[in-house]
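Residue numbers (the working numbering): 638 to 881.
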């Protein structure tokens with residue numbers, strides 16, 4: 638009996654719902670429809686407005702785009718010959734799209750690295766060559782040349798900067814001949830100052846070293862008046878070494 642009551646109750650609910658749907662009134666839109674007309678003038682106005690211009694301008698391919706397209710087609714043909722497929726989707730499609738750019742990036746990286754390496758090797762080679770030339774020239778002057786004659790020649794040519802250099806090389810030559818220093822092409826001026834720690838030449842040599850570094854390595858041009866004052870410490874030290 639209880640089941641019969643439940644069935645009747647559910648049937649009644651469905652009947653009421655169906656009845657509500659059946660008696661629901663229909664509404665119709667009976668308003669007047671006015672047809673809009675667009676004249677040729679209106680169309681021209683819209684055509685002239687840039688905001689309504691939906692024409693897609695196809696971008697011209699540059700050399701880079703053509704190269705990427707060529708590389709992509711080449712890779713596609715390669716993979717198609719291997720897998721026997723006309724088109725791919727999913728992750729493999731993503732790989733095909735990205736791979737040309739990866740290969741191009743690797744190629745550019747290798748080229749940049751190659752040129753940087755070649756350039757750095759050239760620079761290092763030139764520096765080494767320049768250093769060897771400088772050392773051999775300095776050694777030639779100290780061991781074989783008449784430095785006093787070179788000084789007079791430089792002064793005559795008004796090349797006072799070069800004359801200062803010869804004055805300094807003359808001091809190195811005299812200090813070497815008197816066994817105060819041991820001249821070597823790879824040594825620095827600071828090395829010679831250290832070797833003179835226990836001699837009374839050190840203060841004067843430090844002074845002319847500062848002048849020499851300022852004039853020669855600083856590449857400062859000096860005139861005759863300035864040269865007359867700068868040469869005095871060199872001449873004084875060289876005379877002292879000769880007397881000692």
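Just so you know, even glycine gets a beta-carbon here, dropped at the ideal spot from N, CA and C. This structure is a prediction, so every number in the text was calculated from the model and none was measured.
{"Check": "The alpha helix (DSSP H) with residue 844 in it runs from where to where?", "Outcome": "839-849"}
{"Check": "Please classify residue 795: is it buried, with 16 or more other beta-carbons within 10 angstroms of its beta-carbon, or exposed?", "Outcome": "exposed"}
{"Check": "So what does DSSP say about residue 821, is it helix, strand or coil?", "Outcome": "coil"}
{"Check": "Tell whether a beta-carbon distance below 7 Å holds between residue 749 and residue 811.", "Outcome": "no"}
{"Check": "Less than 7 Å between the beta carbons of residue 805 and residue 849, yes or no?", "Outcome": "yes"}
{"Check": "Can you tell me whether residue 747 sits near the ligand FAD, meaning its C-beta is under 6 Å from at least one heavy atom of the ligand?", "Outcome": "Within the structure as shown, the ligand FAD is missing, as the structure has no ligands at all."}
{"Check": "Secondary structure at residue 831, three-state DSSP: helix, strand or coil?", "Outcome": "helix"}
{"Check": "For my contact list, residue 830 and residue 815 are in at a C-beta cut-off of 8 Å; report their separation, rounded to the angstrom.", "Outcome": "Not confirmed; about 16 Å, so no contact."}
{"Check": "DSSP three-state label for residue 765, please.", "Outcome": "Reliability fails at residue 765, whose pLDDT of 45 lies under 50, so the model's placement of it is uncertain and the value that follows must be treated cautiously. Of the three classes helix, strand and coil, the one that applies to residue 765 here is helix, per DSSP."}
{"Check": "Taking the continuous alpha helix (DSSP H) assigned at residue 801, which residues delimit it?", "Outcome": "797-814"}
{"Check": "For residue 797, which residues in the same chain have their Cβ closer than 6 Å to its Cβ, ignoring the five residues on either side in sequence?", "Outcome": "859 and 864"}
{"Check": "Can you find the residues in the same chain that come closer than 7 Å, C-beta to C-beta, to residue 870, ignoring five residues on each side of it along the sequence?", "Outcome": "841, 844, 845 and 848"}
{"Check": "Going by Cα to Cα distance, which pick from 702, 834, 799 and 713 is closest to residue 861?", "Outcome": "799"}
{"Check": "So residue 851 packs on residue 874, CB below 8 Å; how close in whole Å?", "Outcome": "In fact, because the Cβ distance is near 16 Å, the residues do not count as touching under 8 Å."}
{"Check": "Taking all protein chains shown into account, do 16 or more other C-beta atoms lie within 10 angstroms of the C-beta of residue 882, making it buried, or fewer, making it exposed?", "Outcome": "Any answer about residue 882 is impossible in this case: the structure gives the chain only from 638 up to 881."}
{"Check": "From residue 677 to residue 668, what does the alpha carbon distance come to, in whole angstroms?", "Outcome": "29 Å"}
{"Check": "Below 8 Å on the Cβ atoms is my contact criterion, and I expect residue 833 with residue 818 to pass it. Report the Cβ-Cβ distance as a whole number of Å.", "Outcome": "7 Å"}
{"Check": "If you draw a straight line from the alpha carbon of residue 696 to that of residue 704, how long is it in whole angstroms?", "Outcome": "15 Å"}
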